[in-house]
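Structure record follows, encoded as structure tokens.
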Amino acid sequence: MYLSREEERVLNGEEGWAYQVAMRILVKLGDLFEADKLIPIESAHISGVSYKTIGDASIDFLEALGDSGAKVKVRSTMNPAGIDYNHPEEMIRVPEVMEKQDRIINIYGNMGIETVLTCTPYYINKPKENTHLAWAESSTVVYANSILHSWTNREGGPSALAAALIGKTPNYGVHKPENRLANVLVKVEPRLKSEAEHGALGAHVGKLLKDEIPCFSGLTHTRETELKHLGSAMASTGMTSIFYPDTSCPRISGELEVVSVDVNDLKNAFDSLSTTNESPDMVYIGCPHCSAEEVKRVALKIEGRRVRRDVKLWICTSRYVRKKAERYVGIIEAAGGKVLSDTCAVVTWLKEIGIDVLMTNSAKTAYYAPTMNRVETVFSSLDRCIEEACE
Ligand code: F3S
């Protein structure tokens with residue numbers, strides 16, 4: 001990969017150890033994927049924030065970077081952590097865990113990364129169309145490429161952090177127009193009715209297509225929330241970083257490979273996301289983190305009802321959306337639910353707070369929770385989740 005004289009200087013350590021390490025990561029990545037050069041980015045989004053998912057070794061590395069005084073060069077945000085410090089009564093109560101989580105957030109914050117702690121940073125600040133980003137967190141990446149028409153590869157935590165420190169990313173993958181062309185047409189036969197059905201479709205297609213780029217036909221009246229669920233599920237079971245919700249998209253020349261999804265495929269995909277039909281201890285909405293509109297929808301469904309005493313109802317979002325939807329947050333909390341921010345059910349500790357069965361409308365959570373949280377899952381629509389949570 002070509003480096004300018006200035007970039008060479010950074011690689012040689014003339015700007016200090018932290019920037020040298022960051023540049024080394026980018027150069028390794030660029031060489032591996034045959035990038036021609038580094039390109040400037042508008043923003044970075046960093047994953048690897050929850051102590052539960054990154055552990056002690058990463059804290060030591062981050063601390064060394066932070067101690068060297070490294071600062072990010074572009075607007076940077078970070079993913080959810082393992083704790084909502086505003087709702088300690090809902091969280092694991094181990095002082096050492098709380099202290100280590102706090103340290104991680106502080107290290108990132110001291111580097112200049114905004115402590116928004118959300119996987120939907122685009123509800124706070126939308127990137128411009130056709131600008132290059134270095135975003136980690138697969139659901140965020142697929143949303144940026146497919147809905148916001150920005151350009152980002154699926155970065156890992158370290159490469160997104162390196163890009164944030166340098167302000168650039170290697171030019172390969174979907175940063176190049178020729179790698180953003182659809183190569184599979186997915187014909188969706190059933191008419192999808194809920195975000196959960198879109199998630200089930202995404203989980204099915206992700207498994208089938210791996211990293212191919214689909215365009216969909218048959219998705220009618222689909223809103224951004226439903227596309228968010230579709231994309232996040234597809235990026236969980238597969239490696240897709242971009243999809244097109246309809247057939248008016250840039251595509252490879254010639255005939256596209258066609259994959260059909262019928263009613264049975266959808267039903268099987270939906271059913272496979274539940275591991276039990278037992279009653280849940282927790283009902284969880286908010287993966288990916290809710291928009292203000294989603295918080296409002298939950299509030300309108302729950303208004304005047306009461307959450308069962310033996311069930312926790314968690315709605316997760318960012319602090320920004322929580323504030324924006326304050327009125328609806330009030331309705332949910334008056335009914336006995338909790339609107340949490342800064343964390344999510346997957347990256348926090350569930351077993352440790354007594355959860356064995358988790359019900360959710362998120363295909364991504366249903367896919368990951370049995371392994372990442374060691375809980376059984378019940379996957380269902382938002383309506384059924386609310387029914388199950390309430391008396
Ligand atoms: Fe976000 Fe947590 Fe889901 S980080 S995408 S809410 S697993």
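So that you can map any letter, position 138 of the sequence shown is 138 in this note's numbering, and since no number is skipped, the others follow by simple counting.
Even glycine gets a Cβ: it sits at the ideal position worked out from N, Cα and C.
With burial defined as no fewer than 16 other Cβ atoms inside 10 Å of the residue's Cβ, what is the status of L32: buried or exposed? exposed
Hey, would you say the C-beta of P370 is under 8 Å away from at least one heavy atom of ligand 1? In terms of side-chain proximity, the C-beta atom of P370 is found no nearer than 8 Å to any non-hydrogen atom of ligand 1.
Using a Cβ-based criterion (distance less than 8 Å to any ligand heavy atom), does V283 qualify as near ligand 1? no
Output the residues surrounding ligand 1, defined as those with a CB atom closer than 5 Å to any ligand heavy atom, in chain order. P80, C119, S139, C287, P288, C344, V346
Assuming V142 and S4 make a contact with CB atoms under 8 Å, what is their CB distance in whole Å? V142 to S4, Cβ: 31 Å. No contact.
K210 burial status per 10 Å Cβ neighbour count (16 or more: buried): exposed
Ignore the nearest five residues each way along the sequence and tell me which others in K71's own chain have a CB closer than 8 Å to its CB. Within the same chain, K71 has close Cβ partners M111, G112, L165.
Residue nearest to K168 in terms of C-alpha spacing, selected from L300, T360, L38: L38
Beta-carbon spacing of V395, N277 below 9 Å: Lying before the first or after the last residue shown, residue 395 is absent from the chain, which here runs from 1 to 391.
Compare the C-alpha of E197 against each of S217, R305, E226, T118 and name the closest. In terms of Cα proximity to E197, the closest of S217, R305, E226, T118 is E226.
Evaluate R191 with the Cβ neighbour count: other Cβ atoms within 10 Å of its Cβ, from every protein chain shown; 16 or more gives buried, anything less gives exposed. exposed
When you compare the CB positions of I285 and N361, do they come within less than 9 Å of one another, or not? For I285 and N361, yes; Cβs fall inside 9 Å.
First through last residue of the alpha helix (DSSP H) which encompasses T140: 138–146
Under a Cβ-count criterion, where at least 16 other Cβ atoms within 10 Å of its own Cβ denotes burial, should Y172 be classed as buried or exposed? buried
CA-CA distance, A345 and D246? 32 Å
Take every Cβ of the stretch 290–310, pair it with every Cβ of the stretch 331–341, and state whether three or more of those distances are shorter than 8 Å. yes
P88 versus Y108, E99, M78, residue with shortest Cα-Cα distance: E99
Boundaries of the alpha helix (DSSP H) in which G116 is found, first to last residue: For the record, residue 116 in the displayed sequence is Val; it is not Gly. Counting along the chain, V116 falls outside any alpha helix (DSSP H), and DSSP gives it neither H nor E.
Does DSSP classify T343 as helix, strand or coil? strand
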